[in-house]
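Residues in the sequence shown are numbered consecutively from 2, following the numbering used here. Glycine included, each C-beta is placed from N, C-alpha and C at the ideal position. Values in this document were obtained by computation on a predicted structure and should not be read as measured data.
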Amino acid sequence: MNADLAYFAALQENLTELATAEQPAIERAAGAIADSIAAGGVVHYFGSGHSQLVAIEPLLRAGGLAPVNVIADPALSPVAPRHAGAAERVGGYAAAILGTADIRPGEVVVVISNSGINAVPVEFALGARELGATVVAVTNRAHSLAAESRHAGGQRLLDIADIVIDTHGRPGDAVVPLGELTVGALSTVVGAALVNALTCRAAELLAEHHGQAPPLIVSQNTGEDAEHHNNALLEKVKDRCPRG
2 MNADLAYFAA LQENLTELAT AEQPAIERAA GAIADSIAAG GVVHYFGSGH SQLVAIEPLL
62 RAGGLAPVNV IADPALSPVA PRHAGAAERV GGYAAAILGT ADIRPGEVVV VISNSGINAV
122 PVEFALGARE LGATVVAVTN RAHSLAAESR HAGGQRLLDI ADIVIDTHGR PGDAVVPLGE
182 LTVGALSTVV GAALVNALTC RAAELLAEHH GQAPPLIVSQ NTGEDAEHHN NALLEKVKDR
242 CPRG
């Protein structure tokens, strides 16, 4: 099998396994998100390095929820991967990020970290919990348990989060053997699928359990009505979800 087809096969297998095995965790996380939004809260997403790509995915996404706040620190940006890789290991740095994040009790913070071992995501999750938020971890359990924690206390993200969603990835992330090497990472694609699945179920629960029309963004490229619709939703959360 060609490497491209092998990658698609591995991705399909991963998503199928994930959808079944993680259904209880997804249900709990989606329920927490729906409850928070119904009570006037917003959903916060955080990631470092390539995991920041997944954290950004729900922001102003067509078919996504309007009350979404992404905490994307520039020092942890994937456009400077070596810098981000060094910065996410620095103990104490998460406190500076949390100091400017408007996280309130009862809200949900989704922390994405494939390895779940670096100081910043671990300390960020700890800090978010101290602020009274429900922390949802999107992490690769197999990779995390196979690696040594870089957190001063030896904790991993999966040790701290209230709800853990395992991506069912492999240690090292890449999945297609190519001679002595391996090619084709899954974490970003799987992570993006996961946060969209969470959005789908949370929107459904808002309608079913809370009797509220889910505040869903529509594609701005479908006409003026779409822009009016989106602007009306975003106006309600402009103080909590800055759009730049």
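query: C-beta atoms of SER49 and LEU16 nearer than 8 Å; result: no
query: With 16 other Cβ atoms within 10 Å as the buried cut-off, status of PHE9; result: exposed
query: Secondary structure of ASN197, DSSP reduced to three states; result: helix
query: Helix, strand or coil at ALA138 [DSSP, three-state]; result: strand
query: 8 Å Cβ cutoff met for VAL196 and VAL43; result: no
query: Neighbourhood of ALA4 by C-beta, 8 Å cutoff - its chain only, sequence neighbours within 5 removed; result: VAL177, LEU179, VAL184, GLY185
query: Which listed residue (ASN115, GLY93, ALA67) has its alpha carbon closest to that of ASP174; result: ASN115
query: Nearest candidate by alpha-carbon position, reference VAL139, set ASP36, GLU131, HIS51; result: HIS51
query: Helix, strand or coil at HIS229 according to DSSP, with G and I counted as helix; result: helix
query: ILE118, DSSP secondary structure in three states; result: coil
query: Touch test, the region 74-89 against the region 213-225, Cβ-Cβ under 8 Å, three pairs minimum; result: no
query: Simplified DSSP assignment, three categories, for VAL306; result: Outside the displayed span of the chain (2 to 245) sits residue 306, for which this structure offers no information.
query: Range of the contiguous beta strand (DSSP E) that encloses LEU179; result: 175-179
query: Close-in-space but distant-in-sequence residues of the same chain around ALA227 (CB under 8 Å, 5 per side omitted); result: VAL219, SER220, GLN221
query: Euclidean distance between Cα positions of THR189 and GLY41; result: 30 Å
query: With 16 other Cβ atoms within 10 Å as the buried cut-off, status of ALA22; result: exposed
query: Run of the alpha helix (DSSP H) containing ALA20, from where it starts to where it stops; result: 4-22
query: Boundaries (first-last residue) of the beta strand (DSSP E) holding ASP160; result: Here ASP160 belongs to no beta strand (DSSP E); instead the alpha helix (DSSP H) covers 158-161.
query: Helix, strand or coil at ASP36 according to DSSP, with G and I counted as helix; result: helix
query: CB contact flag (LEU6, VAL191, <8 Å); result: no
query: Enclosing beta strand (DSSP E) for LEU182 [first to last residue]; result: 182-186
query: Three-way DSSP call (helix, strand, coil) for VAL69 in this model; result: strand
query: Sequence ranges, alpha helix (DSSP H) only - wholly within the region 75-118, length at least 4; result: 82-88, 94-99
query: 8 Å CB neighbourhood of GLY65 in its chain, flanking five on each side removed; result: PRO59, ASN197, THR200, LEU217, ILE218
query: Beta-bridge partners of ASP167, as assigned by DSSP; result: THR140
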